[in-house]
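Peer 1: Structure in structure tokens, see below.
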Amino acid sequence: MNHFNYKNNRMFCEDVAVAEIAEAVNTPFYLYSNATLTRHFQAFDQAFKLPHITCFATKSCSNIAILHGFAELGGGADIVSGGELFRALKAGVDPRKIVYSGVGKTREELRYGLKENILLFNVESVQELRAIQEEAAVMGIKAPVSFRVNPDVDPRTHAYISTGMAKNKFGIPIDQALDVYQQADKMVNIEVLGVSCHIGSQLTDVSPFVESLGKVKQFINRLKQAGIKIKYLDLGGGLGICYQDETPPEPAEYAKAIAREMAGLSCTLILEPGRVIVGNAGILVTKVLYTKAGGKKFIIVDAGMNDLARPSLYDAFHAVQAVEERGRGTEVADVVGPICESGDFLSRGREVPCCEQGDLLALMSSGAYGFTMSSNYNSRPRVCEVLVNGSEFYIIRQRETRDDLIRGEKIPDFQGVVRE
Ligand code: LLP
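Just so we're aligned: the sequence shown equals residues 2 to 421 in the working numbering.
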């Protein structure tokens with residue numbers, strides 16, 4: 002359930018008319034509902050009765066206001082870069098609830114995480130293990146480590162967002178991992194604490210999760226026989242949402258399946274949900290600039306692939322809805338942006354509301370991997386982010402200015418002076 006609903010043919014986010022926000026902040030903009038964010042976080046977190054930490058996947062929606070909201074609800078953060086660690090700390094996330102994944106952590110990022118005393122590093126290779134051992138030795142501390150294992154399970158999702166198959170770059174093959182744990186166990190500045198595993202994103206069935214957990218469980222038992230005790234089991238994220246007509250399991254069903262499989266293990270569970278919490282809690286609002294009906298029908302809007310990359314990148318479906326329903330019916334048209342690429346579309350060949358210049362459209366289910374994947378391509382300032390709470394709205398990230406576009410750029414002296 003989310004809080005984007007129509008009242009008298011006008012789309013509301015909680016108690017605020019979306020068109021009123023557009024009037025105040027201009028378009029395009031991302032809009033999030035605080036009630037939906039809270040509800041989704043709690044529904045997920047409370048579904049797990051076992052000892053657990055819900056570490057929100059920062060990459061899916063990293064605005065510090067949103068991270069702060071989850072921290073207030075007791076959440077932690079799953080991070081994949083020094084930048085995300087910085088954001089999580091600025092948002093007030095407890096470092097003891099921060100887990101750090103990713104195949105390519107730099108030495109500087111490892112040091113930053115160690116200095117901030119985060120809960121766990123999910124190490125993804127032997128070379129990374131050696132790097133973190135060396136950095137921890139210099140600091141005279143023990144690095145808290147989990148290894149991300151790759152269970153070779155097909156998550157049956159888009160190929161670009163599948164991460165737990167042998168052909169994917171992530172983790173250490175589960176059948177080679179015992180040796181790595183034994184190496185780590187002997188390292189003076191490493192404290193082996195956990196096992197982690199993340200098999201992919203937008204999964205709409207629990208069975209791949211159960212299959213991989215089954216493999217991880219067997220592996221934890223082998224570790225136990227080898228004298229290595231595991232305190233944390235990190236199952237990653239990946240639970241899907243409904244964009245169109247998918248029927249993903251509810252968090253309660255997912256939690257139940259995991260609890261069943263966890264029987265006999267006495268680890269604290271770590272979960273890294275992203276999309277399932279924020280996906281349907283955010284929309285992208287855009288305005289129709291022009292329509293063209295020569296041959297094929299095009300609706301040209303002021304948001305493009307730089308603002309919402311998912312349709313271009315994954316052929317992803319985002320429902321297109323009128324912010325003000327005018328009863329003009331629907332038609333088949335491409336909704337496209339101003340970017341100079343034919344791949345710049347937000348929806349293609351689909352039935353969408355009949356539009357006129359100046360109409361507002363909402364790209365639904367854009368809260369996850371929407372703003373965070375946006376760019377400045379074609380020198381377009383990134384849009385603003387707005388959060389609604391009840392009958393109030395708050396700008397939680399200002400629209401970038403043209404000056405922001407060239408911040409840090411410099412014309413070197415040898416090129417002479419700029420004539421303006
Ligand atoms: N944990 C790890 C280690 C991850 O790599 C990811 C996502 C998550 C957690 C969160 O997964 P979620 O619960 O959101 O499915 N840009 C793509 C999605 C990429 C996902 C990358 N990893 C998209 O727009 O669909």
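Don't be surprised by glycine CBs; every beta carbon is placed ideally from N, CA and C.
1) Below 8 angstroms CB to CB, which residues in the same chain sit around Tyr255 once its five sequence neighbours on both sides are set aside?
2) Grab me the residues of Asp46's own chain with a C-beta within less than 6 angstroms of its C-beta, minus the 5 sequence neighbours each way, in chain order.
3) With hydrogens ignored, establish whether the beta-carbon of Tyr233 is closer than 6 angstroms to any heavy atom of the ligand LLP.
4) Within 10 angstroms of its Cβ, does Phe415 collect 16 or more other Cβ (buried), or is it exposed?
5) Return the CA-CA distance between Ser13 and Tyr395, expressed in angstroms with no decimal places.
6) Checking 7 angstroms against the spacing of the C-beta atoms, do Ser348 and Val333 come in under that value?
7) Would Asn35 pass as a contact of Leu388 if the rule is Cβ separation under 7 angstroms?
8) Does the contact criterion of 3 or more C-beta pairs under 8 angstroms hold for the stretch 276-289 versus the stretch 352-371?
9) State the Cα-Cα distance for the pair Ala66 and Gly84, rounded to the nearest angstrom.
10) So, at 6 angstroms on beta carbons, what are the nonlocal neighbours of Ala58 in its own chain, with the 5 sequence-adjacent residues on each side left out?
11) Who are Tyr101's beta bridge partners in DSSP?
12) Got a sec? Which residues, its chain only, sit under 6 angstroms from Pro96 by beta carbon, not counting five neighbours each side?
13) Can you give the Cα-Cα distance for Val433 and Thr28, rounded to whole angstroms?
14) Quick one: what does DSSP say Met365 is sitting in, helix, strand or coil?
15) Is Val154 near Ile200, with beta carbons less than 7 angstroms apart?
16) Does the Cβ-Cβ distance between Val195 and Asp246 come in under 7 angstroms?
17) Does at least one heavy atom of the ligand LLP sit under 6 angstroms from the Cβ of Asp79?
18) Following a CB-centred definition, is Ser367 positioned closer than 6 angstroms to any heavy atom of the ligand LLP?
19) Start and end of the beta strand (DSSP E) containing Ser34?
20) Return yes when the Cβ of Glu386 is within less than 7 angstroms of the Cβ of Tyr31, no when it is not.
21) In the structure shown, what three-state DSSP assignment does Asn3 receive?
22) From which residue to which residue does the beta strand (DSSP E) around Met374 run?
23) Tell me whether Pro145 sits in a helix, a strand or coil according to DSSP, three-state version.
24) Restricting to Cα atoms, I'd like to know which of Val384, Val418 and Gly417 is closest to Thr402.
Peer 2: Concretely, from the data shown:
1) Looking up residue 255 in the sequence shown gives position 254. The residues are Ala48, Val207, Phe210 and Leu240.
2) To locate residue 46, count along the sequence shown from 1; it is residue 45. Closer than 6 angstroms at the Cβ level, and outside the excluded window around Asp46, lie Thr55.
3) By one-based count along the sequence shown, residue 233 stands at place 232. No, the ligand LLP has no heavy atom inside 6 angstroms of this Cβ.
4) Here residue 415 is taken as the residue at index 414 of the sequence shown, counted from 1. Exposed.
5) Counted from its first residue, the sequence shown places residue 13 at position 12. Counted from its first residue, the sequence shown places residue 395 at position 394. Looking at the sequence itself, residue 13 is Phe, so the reference to Ser does not match. Going by the C-alpha atoms only, they are around 15 angstroms apart.
6) Along the sequence shown, read from residue 1 onward, the residue named residue 348 stands at position 347. Along the sequence shown, read from residue 1 onward, the residue named residue 333 stands at position 332. Contact: no.
7) Taking the sequence shown and counting its residues from 1, the one referred to as residue 35 is at position 34. Taking the sequence shown and counting its residues from 1, the one referred to as residue 388 is at position 387. Inclusion of Asn35 and Leu388 in the CB contact set at 7 angstroms is warranted, their separation being smaller than that value.
8) Taking 8 angstroms as the limit for Cβ pairs, the verdict is that the stretch 352-371 does touch the stretch 276-289.
9) Position 65 of the sequence shown holds residue 66. Position 83 of the sequence shown holds residue 84. Distance between the alpha carbons of Ala66 and Gly84 is about 16 angstroms.
10) Taking the sequence shown and counting its residues from 1, the one referred to as residue 58 is at position 57. Excluding residues within five positions, the ones whose Cβ falls inside 6 angstroms are Asp79, Gly238, Glu273 and Gly275.
11) The residue labelled residue 101 in the question sits at position 100 within the sequence shown. Its beta-bridge partners are Ile80 and Phe122.
12) As a position in the sequence shown, residue 96 is number 95, starting the count at 1. If the five residues before and after Pro96 are omitted, its C-beta is found closer than 6 angstroms to the C-beta atoms of Glu117, Asn118 and Ile119, all from its own chain and listed in chain order.
13) A query on residue 433 cannot be resolved here, the shown segment of the chain reaching from 2 to 421 and no further.
14) The residue given as residue 365 occupies position 364 in the sequence shown. In the structure shown, Met365 sits in coil (DSSP, three-state: anything other than H, G, I, E or B).
15) Locating residue 154 in the sequence shown gives position 153, counting from the first residue. Locating residue 200 in the sequence shown gives position 199, counting from the first residue. Result yes, Cβ atoms of Val154 and Ile200 sit closer than 7 angstroms.
16) On the sequence shown, position 194 is the one that residue 195 refers to. On the sequence shown, position 245 is the one that residue 246 refers to. First, the amino acid is wrong: residue 195 is Gly here, not Val. Contact: no.
17) Start at 1 with the first residue of the sequence shown, and residue 79 comes out as number 78. Yes, since a heavy atom of the ligand LLP falls inside the 6 angstroms radius drawn around the Cβ of Asp79.
18) On the sequence shown, position 366 is the one that residue 367 refers to. Checking the Cβ of Ser367 against the ligand LLP gives no.
19) Along the sequence shown, read from residue 1 onward, the residue named residue 34 stands at position 33. Phe30 to Ser34 is the extent of the beta strand (DSSP E) around Ser34.
20) As a working mapping, residue 31 is identified with position 30 in the sequence shown. As a working mapping, residue 386 is identified with position 385 in the sequence shown. Contact flag set, yes.
21) Taking the first residue of the sequence shown as 1, we reach residue 3 at position 2. The answer is coil: DSSP assigns Asn3 none of H, G, I, E or B.
22) Stepping through the sequence shown from its first residue, residue 374 is reached at position 373. Per DSSP, Met374 belongs to no beta strand (DSSP E) and is neither H nor E.
23) For the purposes of this step, residue 145 is taken as residue 144 along the sequence shown, with counting starting at 1. Pro145 falls in the strand class under three-state DSSP.
24) The residue labelled residue 402 in the question sits at position 401 within the sequence shown. Residue Val384 is the option with its Cα nearest to Thr402.
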